[in-house]
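Enquirer: One structure coming up, written as structure tokens, with questions to follow.
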Amino acid sequence: MQLTLVQGFLLFIVGTICQFDQQTEAFYWFRPMVAAFFTGIILGNVELGVTCGAVTELAYLGMTNVGGTVPPDPLFAGIMTVVLAYTTGQSAETALGLSYPFALLAQGIGILFKTVYSFVPHKLDKYAAEADVKHFNGLIWGVTIFEAVFCGFVIFLCSYALQAPIQAFVNSFPTWVTHGLEVAGGILPAVGLAMLLLTTLKPETYPYLFIGFVMATFLKMPNVLPVAIIGTSLAAIDYMYQKRFDEQKAEAIDDGGDSDGI
53 MQLTLVQGFL LFIVGTICQF DQQTEAFYWF RPMVAAFFTG IILGNVELGV
103 TCGAVTELAY LGMTNVGGTV PPDPLFAGIM TVVLAYTTGQ SAETALGLSY
153 PFALLAQGIG ILFKTVYSFV PHKLDKYAAE ADVKHFNGLI WGVTIFEAVF
203 CGFVIFLCSY ALQAPIQAFV NSFPTWVTHG LEVAGGILPA VGLAMLLLTT
253 LKPETYPYLF IGFVMATFLK MPNVLPVAII GTSLAAIDYM YQKRFDEQKA
303 EAIDDGGDSD GI
């Protein structure tokens with residue numbers, strides 16, 4: 053399948069908007085699940101977009117910025133996984149493996165912009181000291197919009213302008229390479245979940261993990277909706293219990309329970 057110019061332009065718009073959202077972290081449209089869904093709509097195959105988005109989201113679930121580290125870009129991975137699956141006819145798992153270089157490309161672009169924009173905080177300090185609100189806001193919005201548009205243009209190049217050579221390159225792979233990429237793409241979601249568990253799993257969350265595991269593995273359910281509902285219910289119970297505990301603690305302090313007698 054080939055992308056049309058209109059589809060490439062629409063991907064440019066989606067990439068720009070999602071990249072802008074990635075910088076502001078307002079709606080989390082930059083996550084692979086959302087970006088891939090939009091891409092699927094543009095390409096006329098929503099099912100492919102959702103499938104690729106789910107696989108990519110799992111793979112990049114635990115990749116977050118920690119300190120000065122910059123992980124591979126989830127936005128580029130989400131969009132390009134759908135594009136590659138659409139244009140090459142490969143499975144979502146194989147396309148996920150193929151999209152990794154594009155995620156690394158976006159990672160490099162992000163590092164480049166953060167390096168070039170090192171002058172921005174100093175300019176903002178100067179504008180703040182002069183109470184120059186107009187130039188202060190203008191600089192923030194200017195650099196943010198410029199980076200978003202630039203990344204959208206790169207997505208346009210990768211998805212539309214370079215689709216023919218990319219398609220020819222992928223189709224030249226021998227069967228064992230394609231199978232290897234499919235296996236790697238199938239493993240990546242498990243790696244993403246493992247990375248997430250390393251940062252979030254604590255003794256107090258073990259029961260929730262085991263309950264979800266038992267439900268998803270041993271109980272016959274048509275989909276994961278029952279697991280999601282029970283998980284939400286347990287979270288609500290825990291929230292209400294913690295809220296009541298905090299209220300009782302505050303009442304004890306107000307009653308002089310922790311008073312030093314003065």
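Residues 53 to 314 (our numbering) make up the sequence shown, in order. By construction, the Cβ of each residue, glycine as well, lies at the ideal position given by its N, Cα and C atoms. Please read these numbers as outputs of a predicted model, since none were measured by experiment.
Buried or exposed: where does W81 fall if 16 or more other Cβ atoms within 10 Å of its Cβ makes it buried?
Expert: Against the sequence shown, residue 81 aligns to sequence position 29. Buried: at least 16 other Cβ atoms inside 10 Å.
Enquirer: Distance, Cα to Cα, P278 vs V266?
Expert: As a first step, residue 278 is located in the sequence shown; it is residue number 226 there, counting from the start. As a first step, residue 266 is located in the sequence shown; it is residue number 214 there, counting from the start. Whole-angstrom Cα-Cα distance: 12 Å.
Enquirer: Do S211 and G60 have their beta-carbon atoms positioned less than 7 Å apart in this structure?
Expert: As a working mapping, residue 60 is identified with position 8 in the sequence shown. As a working mapping, residue 211 is identified with position 159 in the sequence shown. In this structure, S211 lies closer than 7 Å to G60 by Cβ.
Enquirer: My understanding is that C70 touches A88, with C-beta atoms under 8 Å, so please give their C-beta distance in whole angstroms.
Expert: To locate residue 70, count along the sequence shown from 1; it is residue 18. To locate residue 88, count along the sequence shown from 1; it is residue 36. About 10 Å separates the beta carbons of C70 and A88, which is beyond the 8 Å limit, so they are not a contact pair.
Enquirer: By Cβ distance below 6 Å, which residues in the same chain neighbour V135 in space, the five residues on each side in sequence not counted?
Expert: The residue you call residue 135 lines up with position 83 of the sequence shown. Answer for V135: S211, listed in chain order.
Enquirer: Roughly how many angstroms separate the alpha carbons of V201 and E77, rounded to a whole number?
Expert: For the purposes of this step, residue 201 is taken as the residue at position 149 of the sequence shown. For the purposes of this step, residue 77 is taken as the residue at position 25 of the sequence shown. About 16 Å.
Enquirer: By DSSP, does E299 sit in helix, in strand, or in coil?
Expert: Your numbering for residue 299 matches position 247 in the sequence shown. If DSSP states are grouped into helix, strand and coil, E299 belongs with the helices.
Enquirer: By Cβ distance below 6 Å, which residues in the same chain neighbour A158 in space, the five residues on each side in sequence not counted?
Expert: Here residue 158 is taken as the residue at index 106 of the sequence shown, counted from 1. Within the same chain, A158 has close Cβ partners D125 and F128.
Enquirer: Leaving out five residues before and five after A144 in sequence, what residues of the same chain have Cβ atoms less than 6 Å from its Cβ?
Expert: By 1-based counting over the sequence shown, the position of residue 144 is 92. Hits under 6 Å: T103, C104, V107 and A137.
Enquirer: Measure the Cβ-Cβ separation of L191 and K166 and say whether it is below 7 Å.
Expert: In the sequence shown, the residue the question calls residue 191 occupies position 139. In the sequence shown, the residue the question calls residue 166 occupies position 114. Cβ atoms of L191 and K166: not closer than 7 Å.
Enquirer: Output the distance between the C-alpha atoms of M85 and Q300, rounded to the nearest integer angstrom.
Expert: The count along the sequence shown starts at 1 and reaches residue 85 at position 33. The count along the sequence shown starts at 1 and reaches residue 300 at position 248. The alpha-carbon of M85 is positioned some 41 Å away from that of Q300.
Enquirer: Helix, strand or coil: which one does DSSP assign to W228?
Expert: Translated into positions along the sequence shown, residue 228 becomes position 176. If DSSP states are grouped into helix, strand and coil, W228 belongs with the helices.
Enquirer: Which stretch, first to last residue, makes up the alpha helix (DSSP H) that contains D73?
Expert: As a working note, residue 73 is residue 21 in the sequence shown. L57 to T76 is the extent of the alpha helix (DSSP H) around D73.
Enquirer: Pick from T284, L250, M247 and L248: whose alpha carbon is nearest that of G264?
Expert: Against the sequence shown, residue 264 aligns to sequence position 212. When only C-alpha atoms are compared, the closest one is T284.
Enquirer: Let me know the secondary structure DSSP gives K254 once reduced to three states.
Expert: For the purposes of this step, residue 254 is taken as residue 202 along the sequence shown, with counting starting at 1. In the structure shown, K254 falls within a coil segment according to DSSP collapsed to helix, strand and coil.
Enquirer: Do M53 and T133 count as a contact pair if the criterion is CB distance below 7 Å?
Expert: As a working note, residue 133 is residue 81 in the sequence shown. As a working note, residue 53 is residue 1 in the sequence shown. No, the Cβ-Cβ distance between T133 and M53 is not below 7 Å.
Enquirer: Rounded C-beta distance between L39 and I131? I'm assuming under 8 Å.
Expert: The structure shown has nothing for residue 39, since the chain only spans 53 to 314.
Enquirer: Pop quiz: I161 and V122 are said to be a contact at Cβ under 8 Å. What is the actual Cβ separation, rounded to whole angstroms?
Expert: For the purposes of this step, residue 161 is taken as the residue at position 109 of the sequence shown. For the purposes of this step, residue 122 is taken as the residue at position 70 of the sequence shown. 10 Å between Cβ atoms; not a contact.
Enquirer: With 16 other CB atoms within 10 Å as the buried threshold, where does L150 fall?
Expert: Translated into the one-based positions of the sequence shown, residue 150 becomes position 98. Buried is the call here.
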